[in-house]
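Residue numbers (our numbering): 129 to 286. Ideal Cβ placement from N, Cα and C applies to all residues, glycine included.
What follows is the structure, given as C-alpha cells:
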C-alpha cells in the first residue's frame, strides 16, 4: 500500500484521516461546555479545542467553522434577547399608558404578548434546537471522515 499504514491514508473525497476523526469529535462536542459554563462555555470550548488542534489543516478548517457557527449562534441569541426586551418593554409601557386610556393600554399589552407568543417564542424554541441538530450532523460527518460546513453561518474567521 505504497509504504503507508492504514491510519496514514486519507479516505477519498474527505478531509479527515482516521487519526483526525477523534479531534473532529472533540471539536464538534466542545460547545457542550456551555452546559457547565452558561453564556460563555459554548464559545470557550470550541476556541480551546481549535487552539489545541490547529496544527492539522483539516482540523484547523473545522475548528474555524465551529467557532464561526458559535459566534453566529451568540449573535442571533443577542438579537432575540434584544427583541424580547423591547417586546416586554412595549407591553409594560402600554400597560402604563392604560392608566390614561384603558383601551390603548389593553391593546398594547395584548399586542406585545401576542407578538411574543406568535413570533419570538417559536423562533427561540427553533433556534435552541438548531445548534444541537447541526452538532449531531457534524459528529456524523466526522464519523464518516468528512468535513462538515455548518449551514446559515456568518464566516467571521476565514
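For residue i, the first and last residue of its enclosing alpha helix (DSSP H)
{"i": "residue 269", "result": "249-271"}
{"i": "residue 176", "result": "169-181"}
Through-space distance from residue j to residue i, alpha-carbon basis
{"i": "residue 175", "j": "residue 205", "result": "19 Å"}
{"i": "residue 188", "j": "residue 267", "result": "16 Å"}
{"i": "residue 143", "j": "residue 183", "result": "14 Å"}
{"i": "residue 138", "j": "residue 146", "result": "Residue confidence is low: residue 138 scores 39 on pLDDT, short of 50, so the model does not pin down where it sits. Its coordinate-derived value is still stated next. Straight-line Cα distance between these residues: approximately 7 Å."}
{"i": "residue 238", "j": "residue 218", "result": "10 Å"}
{"i": "residue 260", "j": "residue 279", "result": "13 Å"}
{"i": "residue 140", "j": "residue 262", "result": "Note on residue 140: pLDDT 34, under 50, position unreliable in the model; no value is reported."}
{"i": "residue 178", "j": "residue 168", "result": "16 Å"}
{"i": "residue 249", "j": "residue 203", "result": "17 Å"}
{"i": "residue 186", "j": "residue 271", "result": "14 Å"}
{"i": "residue 251", "j": "residue 209", "result": "11 Å"}
{"i": "residue 159", "j": "residue 222", "result": "39 Å"}
{"i": "residue 246", "j": "residue 240", "result": "10 Å"}
{"i": "residue 149", "j": "residue 274", "result": "9 Å"}
As assigned by DSSP and simplified to three states, the class of residue i
{"i": "residue 227", "result": "coil"}
{"i": "residue 144", "result": "coil"}
{"i": "residue 153", "result": "helix"}
{"i": "residue 165", "result": "coil"}
{"i": "residue 159", "result": "helix"}
{"i": "residue 279", "result": "coil"}
{"i": "residue 284", "result": "coil"}
{"i": "residue 274", "result": "coil"}
{"i": "residue 236", "result": "helix"}
{"i": "residue 205", "result": "helix"}
{"i": "residue 217", "result": "helix"}
Integer-rounded CB distance, given that residue j should sit under 8 Å from residue i
{"i": "residue 198", "j": "residue 170", "result": "5 Å"}
{"i": "residue 254", "j": "residue 195", "result": "Not really, about 22 Å apart at Cβ, beyond 8 Å."}
{"i": "residue 287", "j": "residue 269", "result": "In the structure as shown, the chain starts at 129 and stops at 286, and residue 287 therefore has no counterpart that could be examined."}
{"i": "residue 173", "j": "residue 162", "result": "7 Å"}
{"i": "residue 207", "j": "residue 191", "result": "The pair is not a contact, with the Cβ atoms about 25 Å apart (cut-off 8 Å)."}
{"i": "residue 244", "j": "residue 215", "result": "5 Å"}
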